[in-house]
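Asks: Numbering (our numbering), first residue to last: 2 to 440.
The following block contains the structure:
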């Protein structure tokens with residue numbers, strides 16, 4: 002079981018902050034035993050504001066004058082109310098951060114000016130309901146309700162709106178692609194709805210003129226092997242791929258991708274401005290603290306992680322999430338008598354050198370509170386990487402409509418920039434190089 006367990010571990014860690022991944026894998030594979038074993042985990046005491054979500058909040062009574070560039074890690078929206086300038090960090094204005102966060106970077110503006118905008122390419126998103134009238138994407142949106150009449154279809158969801166604006170919004174990667182949005186209800190068993198949506202998409206596709214058919218589908222849900230309906234969803238993906246549709250999702254076959262980010266005050270077109278994903282760095286922080294404690298077994302690590310939750314003076318919400326993930330992984334390892342602590346530990350923070358890094362941090366996306374609302378996220382998830390990558394693929398299909406999925410994936414990896422630093426490097430998506438390779 003050892004190999005399978007490590008593969009499952011890596012899959013979970015790649016999914017990042019997608020809480021549903023924990024639910025499906027941990028709940029279904031460990032069932033009540035894991036939940037019981039985790040019953041003694043203490044409530045975290047968070048002492049740092051890093052990565053805090055202030056979206057829509059009234060902060061007028063707070064003092065941020067000493068936080069400096071920590072403000073860049075926050076999540077906040079156009080509806081967030083801030084204190085006066087004397088209680089804000091010098092040189093940082095929230096409205097400027099939101100504006101700069103709309104820049105998808107990496108040379109995309111130059112490509113758009115050159116006419117590489119996704120025009121003539123149809124793309125799709127399958128996700129929960131979104132506001133249909135948001136200014137960022139309403140001009141090229143085709144909205145399909147998978148469960149019309151279901152009251153859950155009236156509840157907009159932030160991830161879908163953000164994905165739509167990143168993929169084909171006014172400030173998106175492919176701003177002139179035609180976007181078909183298949184809205185599914187919020188459900189504890191999403192795979193059955195994803196499958197139904199994909200079947201609807203494929204049926205619609207058969208009725209469309211060949212040049213208007215959807216070529217790329219973005220789905221920001223990872224797949225937990227043990228989730229109810231997961232096998233049917235995988236079969237639906239296979240049916241789509243047999244028809245030449247590229248389905249982009251966390252953990253997909255064909256290409257492995259993770260996150261990255263460029264702080265808004267740096268040059269977003271310069272690959273040297275980019276950092277590795279905040280989620281990866283949070284996991285590395287936790288691993289580093291475990292190493293410093295001298296923990297040498299799963300039992301030692303479990304006790305140290307519990308201690309960190311209540312006594313670490315620098316603990317932030319992202320590290321809390323990383324610690325909880327590590328604790329879940331320890332419970333998973335308990336099912337494998339041959340599990341080795343060091344192997345599991347380092348599998349949590351390493352990935353293949355051919356993993357493609359895609360911007361997710363420091364981005365501004367469409368909000369759901371009004372047709373003109375926006376939310377900036379200092380830390381993003383693969384729910385942002387998925388539509389970003391789908392948008393880049395749409396640009397490639399505009400340049401060469403006959404290119405195969407395998408050729409697209411190869412071009413993405415071959416043209417990617419190397420970034421990071423010695424010993425901790427990644428491959429950053431290079432939209433311009435990718436497009437030029439397909440000409």
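Each residue gets a CB set at the ideal place from its N, CA and C atoms; glycine is no exception.
All values reported here derive from a predicted model rather than from experimental measurement.
Give a yes or no on whether the C-beta atoms belonging to residue 106 and residue 282 are separated by under 8 angstroms.
Replies: The residue labelled residue 106 in the question sits at position 105 within the chain shown. The residue labelled residue 282 in the question sits at position 281 within the chain shown. Their beta carbons are not under 8 angstroms apart, which means residue 106 does not touch residue 282 by this criterion.
Asks: Take the Cβ of residue 36 as the centre, count every other Cβ of all protein chains shown within 10 Å, and call the residue buried at 16 or more, exposed below.
Replies: In the chain shown, counting from the first residue as 1, residue 36 sits at position 35. At residue 36, the pLDDT of 46 sits below 50, so the modelled position is not reliable; the number obtained from the coordinates is stated separately. So residue 36 ends up on the exposed side.
Asks: Following the continuous alpha helix (DSSP H) through residue 392, name the residue where it begins and the one where it ends.
Replies: In the chain shown, the residue the question calls residue 392 occupies position 391. Taken as a continuous stretch (DSSP letters only), the alpha helix (DSSP H) holding residue 392 covers 383-400.
Asks: Taking contact to mean at least 3 C-beta pairs separated by less than 8 angstroms, is the stretch 145-153 in contact with the stretch 111-120?
Replies: No: fewer than three Cβ pairs fall under 8 angstroms.
Asks: Between the C-alpha atoms of residue 184 and residue 148, what's the straight-line distance to the nearest angstrom?
Replies: Residue 184 sits at position 183 when you count from the first residue of the chain shown. Residue 148 sits at position 147 when you count from the first residue of the chain shown. Spanning the two alpha carbons is a distance of roughly 8 angstroms.
Asks: Return the chain-ordered list of same chain residues with a C-beta closer than 8 angstroms to the C-beta of residue 201, the five sequence neighbours on each side being excluded.
Replies: The count along the chain shown starts at 1 and reaches residue 201 at position 200. Counting only Cβ-Cβ distances below 8 angstroms, and skipping sequence neighbours, we find 145, 147, 183.
Asks: Under the three-state reduction of DSSP, which class applies to residue 175: helix, strand or coil?
Replies: Within the chain shown, numbered from 1, the residue matching residue 175 stands at position 174. Looking at residue 175 - three-state DSSP - the assignment turns out to be coil, as it is neither helix nor strand.
Asks: Please report the distance separating the alpha-carbon of residue 394 from that of residue 345.
Replies: Indexing the chain shown from 1 puts residue 394 at position 393. Indexing the chain shown from 1 puts residue 345 at position 344. Rounded to whole angstroms, residue 394 to residue 345 spans 34 angstroms at the Cα level.
Asks: Alpha carbon to alpha carbon, how far is residue 253 from residue 69?
Replies: Working through the chain shown from its first residue, we reach residue 253 at position 252. Working through the chain shown from its first residue, we reach residue 69 at position 68. Approximately 38 angstroms, taken between the alpha carbons.
Asks: Closest by CA to residue 53, which one among 63, 42, 160, 72?
Replies: As a working note, residue 53 is residue 52 in the chain shown. Checked all of 63, 42, 160, 72; the closest Cα to residue 53 is 72.
Asks: Can you give me the C-alpha to C-alpha distance between residue 332 and residue 108, rounded to a whole angstrom?
Replies: Translated into positions along the chain shown, residue 332 becomes position 331. Translated into positions along the chain shown, residue 108 becomes position 107. Their Cα atoms are separated by approximately 44 angstroms.
Asks: What does a CB cutoff of less than 6 angstroms around residue 426 pick up in its chain, not counting 5 residues either side in sequence?
Replies: Counted from its first residue, the chain shown places residue 426 at position 425. If we look at residue 426 and ignore the five residues flanking it on each side, its Cβ neighbours are 419.
Asks: If you follow the alpha helix (DSSP H) that residue 76 is in, where does it begin and where does it stop?
Replies: Position 75 of the chain shown, counting from 1, holds the residue named residue 76. From DSSP, residue 76 is part of no alpha helix (DSSP H) but of the beta strand (DSSP E) over 76-78.
Asks: Residue 72 by DSSP, collapsed to three states: which one?
Replies: Position 71 of the chain shown, counted from the start, is the residue given in the question as residue 72. Three-state result, residue 72: helix.
Asks: Only counting the same chain, and skipping five residues up and downstream in sequence, which positions put a Cβ closer than 6 angstroms to that of residue 431?
Replies: Counted from its first residue, the chain shown places residue 431 at position 430. Within the same chain, residue 431 has close Cβ partners 416, 417, 418.
Asks: Which residue spans inside the stretch 160-217 form an unbroken beta strand (DSSP E) run of at least 3?
Replies: Listed in chain order, they are 179-184.
Asks: Starting from residue 143, trace the alpha helix (DSSP H) in both directions and tell me its first and last residue.
Replies: As a position in the chain shown, residue 143 is number 142, starting the count at 1. Taken as a continuous stretch (DSSP letters only), residue 143 belongs to no alpha helix (DSSP H), being part of the beta strand (DSSP E) at 142-146.
Asks: Residue 329: which of 307, 316, 312, 339 sits nearest, CA to CA?
Replies: Stepping through the chain shown from its first residue, residue 329 is reached at position 328. The shortest Cα separation from residue 329 among 307, 316, 312, 339 belongs to 307.
Asks: From residue 275 to residue 421, what distance separates their C-alpha atoms?
Replies: Numbered from its first residue, the chain shown carries residue 275 at position 274. Numbered from its first residue, the chain shown carries residue 421 at position 420. Cα to Cα, residue 275 sits roughly 8 angstroms from residue 421.
Asks: Run the CB neighbour count on residue 1, radius 10 Å, all protein chains shown included, and call it buried at 16 or more, exposed below.
Replies: No information on residue 1 is available, as it lies outside the stretch 2 to 440 that the chain covers here.
Asks: Check this for me: beta carbons of residue 392 and residue 439, under 8 angstroms apart or not?
Replies: Here residue 392 corresponds to residue number 391 of the chain shown, with the count starting at 1. Here residue 439 corresponds to residue number 438 of the chain shown, with the count starting at 1. Contact: no.
Asks: Residue 248 to residue 256, Cα distance in whole Å?
Replies: Translated into the one-based positions of the chain shown, residue 248 becomes position 247. Translated into the one-based positions of the chain shown, residue 256 becomes position 255. Computed Cα separation, rounded: 11 angstroms.
Asks: Whole angstroms is fine: what's the gap from residue 137's alpha carbon to residue 65's?
Replies: Indexing the chain shown from 1 puts residue 137 at position 136. Indexing the chain shown from 1 puts residue 65 at position 64. Looking at the two C-alpha atoms, the distance is approximately 30 angstroms.
Asks: Report yes if the C-beta distance between residue 158 and residue 195 is below 8 angstroms; otherwise report no.
Replies: The sequence position of residue 158 within the chain shown is 157, counting from 1. The sequence position of residue 195 within the chain shown is 194, counting from 1. No, these two residues do not count as a Cβ contact at 8 angstroms.
Asks: To the nearest angstrom, report how far apart residue 58 and residue 82 are at their CA atoms.
Replies: In the chain shown, residue 58 corresponds to position 57, counting from 1. In the chain shown, residue 82 corresponds to position 81, counting from 1. Going from the Cα of residue 58 to the Cα of residue 82 covers about 6 angstroms.
Asks: For a test of the three-state rule: what should DSSP assign to residue 262, helix, strand or coil?
Replies: The residue labelled residue 262 in the question sits at position 261 within the chain shown. Strand.
Asks: Assuming residue 165 and residue 124 form a contact by the criterion Cβ under 8 angstroms, report the distance between their Cβ atoms to the nearest whole angstrom.
Replies: Sequence index remark: in the chain shown, residue 165 carries index 164 (1-based). Sequence index remark: in the chain shown, residue 124 carries index 123 (1-based). The Cβ separation is near 10 angstroms, so there is no contact.
Asks: From which residue to which residue does the alpha helix (DSSP H) around residue 326 run?
Replies: The residue labelled residue 326 in the question sits at position 325 within the chain shown. From DSSP, the alpha helix (DSSP H) with residue 326 extends over 318-334.
Asks: Residue 260: which of 141, 434, 389, 216 sits nearest, CA to CA?
Replies: As a position in the chain shown, residue 260 is number 259, starting the count at 1. It is 389.
Asks: Suppose you measure from the CA of residue 355 to the CA of residue 409; what does that come to, to the nearest Å?
Replies: What you label residue 355 is simply residue 354 of the chain shown in a count that begins at 1. What you label residue 409 is simply residue 408 of the chain shown in a count that begins at 1. Cα-Cα distance, rounded: 14 angstroms.
Asks: For the beta strand (DSSP E) holding residue 367, just list the boundary residues, first then last.
Replies: Stepping through the chain shown from its first residue, residue 367 is reached at position 366. Its beta strand (DSSP E) spans residues 364-367.
Asks: Which of helix, strand or coil does DSSP assign to residue 420?
Replies: Along the chain shown, one-based indexing puts residue 420 at 419. The answer is strand: DSSP assigns residue 420 an E or B state.
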